[in-house]
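Engineer:
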Amino acid sequence: MRHIISILLENEAGALSHVAGLFSARGYNIESLTVAPTEDPSLSRMTLVTSGSDDIIEQIIKQLNKLVDTVRLIDLTEGPHIEREMLLVKVRAEGGGTREEIKRVADIFRGRIIDVTDTTYTIELTGAWGKLDAFLDTLHRPLILEVVRSGVSGISRGEKVLQA
Amino acid sequence: MELTGADIFVRCLEEEGVEYVFGYPGGAVLYLYDALFRQDAVKHILARHEQGAAHAADGYARATGRPGVVLVTSGPGVTNAVTGIATAYMDSIPLVVFSGQVPTHLIGNDAFQEVDSVGVTRPCVKHNFLVKDVKDLALTIKKAFYIATTGRPGPVVVDIPKDVTARKAVFRYPGTISMRSYNPVVRGHSGQIRKAVDLMLRAKRPILYTGGGVILGEGSGALTELTRLLGFPITNTLMGLGAYPATDRQFVGMLGMHGTYEANMAMHNCDVLIAVGARFDDRVTGNIEKFCPHARVIHIDIDPASISKNVKVDIPIVGSVDAVLREMIKVVGESDRRADPGALTEWWKQIDEWRSMDCLKYDRQSDVIKPQYVLECLYRLTAGDAYVTSDVGQHQMWTAQFYKFDRPRRWINSGGLGTMGFGLPAAMGVQLAFPDETVVCVTSEASVQMCIQELATCRQYGLPIKVVNLSNRYMGMVRQWQEFFYQGRYAMSYMEALPDFVRLAESYGHAGMHIERPEDVEGALREALKVRDKAVFLDFATDQAENVYPMIPAGAGQNEMILV
């Protein structure tokens, strides 16, 4: 099963590599990983998407907790949460019909065209992981020139917060 | 007052009460060595290879319970030490390893003797640091000792660039430290402890299975008290030997691949398994699918990640072994319930039947030296009271089987990583810590050559280690597997071109003895044990074809042992 794990890490050189090293050393898989400092510059917040059986996820969480740089972590998928990912996609957009069609699909998905040339569009789209997949599936494959995904960020719904 | 990084380093070691630093100098650590030279609170022991330095510090740590300290230079100094660091990591031994690094402005430049030390060591340390500013040095060293010695212990590497050791900062060593990201658990959960005791007292066929964590956590006294109070059988892992007196009747021997028949059969048939400071290693469990099929499992460990890693646990208790066991003793004392005496009598009857198989028997009439006989003699002549280190392979298993350790921290071997070359340097660390005690390194002609250069260190510091070399002219354990599982094709496991160990030892300034006949074994050991001013290398020519029995073959369950 897919899990989104949110981690507060000491914002220190090497902290990211301890996390990445743990995953490769123990053969766990990482679907995506995002990391950036928080409002407190001494802390980084990492969102990590992984998958595995319940036993493996339990081990992943324990091993992450064991890292000396880990301040706190939460498995967002255990409760109500919001996940968002940003997609930038550059597509071939030539000929009136095609340009119209791409614009229409982007609108349906609430995407925005953020760069336009006479032959290309670049579209920005934000949403849950599945929505971005759906959007890409809807575009005519040969038109896609370049795909950039930010990786998932997530946060719990309601009062629940992850703090140091 | 401002001090240089190098002087701060030495002052930190003094503050930590460090007695010995095991190391080897080089370009990047010249300031550090210069600072060590200008003081005498901290003594430096010059190994002959960085691996030897790390193992020596490790042996010191295992025997004393205090952290071992290592100092190596950048590049090859660090990479040579990696085997020693990984050895300590696998057995959760507290080490603080200081490595020199090229100056900060050269880092990443492929400078002379540069290696990414933090990167190279990351998978085999509890934590590591690169100190980029001399102002952070003292606090980082404090953290390194704190992390290495608390919780589940382990090695910590502190990488210090050369310019940081030359720059100056105000020295202030923090008395205590707290880290928001690192808070090891101490006490176990009382509710869980009660639940566990309740299950223990309802057991019909219980067994305690205890590991190195009991020794690391100084829980040996509490373990012995609780075990006697309960009257249950107890088995120790290779790393846990000595935590419970091996000569006690309740002790059923070591378990696992080369454990006793009674220990493994008792494990397989138990209904309640009480695991303490042990980690269900594959060499213990055999085929995990067949492991303890009838048991409900209680697991006490300081590391939550060890619980339910390999075997699903029914009652987990995270906490320091000593604190948890003491609380258990209290709860047992307060409980109205008592272990079922009828069921326990039945259980012991069954165990004694397994015991009567005498699974460690060997040919005592042989006219070649049997390695088991050497170890029995050694045990008898040292009254079971020596510090014994070993290398890795058959001789290690025989020592574990035949030297009955009654006290913790006397049996010092590389269990997790299985590092050949560990025994001799580890014995140096032990002998330095306990200069008046008998320290024996049981080894073989294959293992000992991996760190043989340390005989020079033994000479320099006058360490009277007794090296018991069980020479069968094979990499014995490899040969055994080739005999059992590769139809006797002894691929590259014959040790050719062996040195004359007697002359080799003598050339280093030690005594050497070569023993070929069983009737000479005892006399040679007696003579060697009297020597106090140099090492003695006892080269025993042992039976080439002897195998370690009993054995659980790979993929088999604990009840499927090969007996002699």
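Chains P and S supply the protein sequences, listed in that same order. If you read the first sequence in my numbering, its first letter stands for residue 4, the second for the next number, and so on. If you read the second sequence in my numbering, its first letter stands for residue 7, the second for the next number, and so on. Beta carbons are placed, not taken as given, at the ideal position from N, Cα and C, and that holds for glycine. These numbers were taken from a predicted model, which means no experiment stands behind them.
Closer than 8 angstroms between beta carbons: that is the criterion. Which residues of the region 182-212 of chain S meet it against chain P?
Structural biologist: Residues Met185, Arg186, Ser187, Tyr188.
Engineer: Apart from the five residues just before and just after Arg75(P), which ones in its own chain have a Cβ nearer than 8 angstroms to its Cβ?
Structural biologist: Same-chain partners within the cutoff: Ile10, Leu11, Leu165, Gln166, Ala167.
Engineer: Taking only beta-carbon atoms, is Gly24(P) less than 9 angstroms away from chain S?
Structural biologist: For Gly24(P), the answer is yes, since a Cβ of chain S falls inside 9 angstroms of its Cβ.
Engineer: Just the C-alpha distance for Asp122(S) and Gly262(S), rounded to the nearest angstrom, thanks.
Structural biologist: In a straight line, the C-alpha of Asp122(S) is about 38 angstroms away from that of Gly262(S).
Engineer: Identify the contact partners of Val315(S) in chain P, using a Cβ-Cβ distance below 7 angstroms as the criterion.
Structural biologist: Residue identity check: residue 315(S) is Lys in the sequence provided, not Val. Per Cβ cutoff of 7 angstroms: Gln62.
Engineer: Using three-state DSSP, classify Asp539(S) as helix, strand or coil.
Structural biologist: Coil, per DSSP.
Engineer: Using the beta-carbon of each residue, which ones in chain P are nearer than 9 angstroms to Leu136(S)?
Structural biologist: By Cβ distance, chain P contributes Ala16, Gly17.
Engineer: Tell me, please, whether the CB atom of Val155(P) is closer than 9 angstroms to any CB atom in chain S?
Structural biologist: No, its Cβ sits nowhere closer than 9 angstroms to a Cβ of chain S.
Engineer: Which two residues bound the contiguous alpha helix (DSSP H) that contains Asn275(S)?
Structural biologist: Segment 267-275, the alpha helix (DSSP H) holding Asn275(S).
Engineer: Give the single residue among Leu461(S), Val317(S), Glu552(S), Pro556(S) whose Cα lies nearest to the Cα of Phe543(S).
Structural biologist: Answer by Cα proximity: Leu461(S).
Engineer: Who are Gly157(P)'s beta bridge partners in DSSP?
Structural biologist: Gly157(P) pairs with Glu86(P).
Engineer: How long is the line joining the alpha carbons of Thr243(S) and Glu8(S), rounded to whole angstroms?
Structural biologist: One C-alpha to the other measures close to 50 angstroms.
Engineer: Please report the residue range of the beta strand (DSSP E) in which Cys447(S) lies.
Structural biologist: 445-449 is the extent of the beta strand (DSSP E) around Cys447(S).
Engineer: Out of Gly561(S), Ala497(S), Val473(S), Asp346(S), state which residue places its alpha-carbon closest to the alpha-carbon of Val454(S).
Structural biologist: When each option's Cα is compared against that of Val454(S), the closest is Val473(S).
Engineer: Below 7 angstroms on C-beta distance, what does Lys65(P) contact in chain S?
Structural biologist: Per Cβ cutoff of 7 angstroms: Pro310, Ala311.
Engineer: Could you round the C-beta distance between Gly11(S) and Thr171(S) to whole angstroms and report it? I think they count as a contact, below 8 angstroms.
Structural biologist: That belief holds up - the Cβ atoms of Gly11(S) and Thr171(S) are roughly 4 angstroms apart, short of 8 angstroms.
Engineer: Leaving out five residues before and five after Ile117(P) in sequence, what residues of the same chain have Cβ atoms less than 6 angstroms from its Cβ?
Structural biologist: Thr125, Glu127, listed in sequence order.
Engineer: Residue range of the alpha helix (DSSP H) that Met519(S) falls in?
Structural biologist: Run containing Met519(S): none in the alpha helix (DSSP H); it sits in the beta strand (DSSP E), 517-521.
Engineer: Please tell me whether Val124(S) has its Cβ less than 9 angstroms away from any Cβ of chain P.
Structural biologist: Closer than 9 angstroms to some Cβ of chain P, the Cβ of Val124(S) qualifies, so yes.
Engineer: Count the other C-beta atoms from every protein chain shown that fall within 10 angstroms of the C-beta of Gln45(S), then say buried if there are 16 or more, exposed otherwise.
Structural biologist: So Gln45(S) ends up on the exposed side.
Engineer: Ends of the alpha helix (DSSP H) at Asn478(S)?
Structural biologist: That residue, Asn478(S), is in no alpha helix (DSSP H); it is neither H nor E in DSSP.
Engineer: Is Leu86(S) near His55(S), with beta carbons less than 9 angstroms apart?
Structural biologist: The identity of residue 86(S) in the sequence shown is Asn, whereas the question assumes Leu. Yes; because the gap between Cβ atoms is below 9 angstroms, this pair is in contact.
Engineer: I'd like the span of the beta strand (DSSP E) that includes Gln107(S), first residue to last.
Structural biologist: Here the beta strand (DSSP E) through Gln107(S) covers 101-107.
Engineer: Tell me, please, whether the CB atom of Pro441(S) is closer than 9 angstroms to any CB atom in chain P?
Structural biologist: Chain P contact via Cβ: absent.
Engineer: Name, please, each residue of chain P whose Cβ falls closer than 7 angstroms to the Cβ of His133(S).
Structural biologist: Here the neighbours are Val71.
Engineer: Output, in chain order, the set of chain P residues within a Cβ distance shorter than 8 angstroms of Pro129(S).
Structural biologist: Simply Gly24, Ala28.
Engineer: Mind checking whether Gly225(S) and Ser326(S) have CB atoms under 9 angstroms apart?
Structural biologist: Contact flag set, yes.
Engineer: What does Ile321(S) touch in chain P if you count any residue whose Cβ is under 7 angstroms from its own?
Structural biologist: Those within 7 angstroms of Ile321(S) in chain P number zero; the least Cβ separation is about 16 angstroms.
Engineer: Could you name the residues of the region 39-61 of chain P whose beta carbon sits closer than 9 angstroms to any beta carbon of chain S, in the order they occur along the chain?
Structural biologist: Listed in sequence order: Asp58, Glu61.
Engineer: Does Ala137(P) pass the burial test, meaning 16 or more other C-beta atoms within 10 Å, or should it be called exposed?
Structural biologist: So Ala137(P) ends up on the exposed side.
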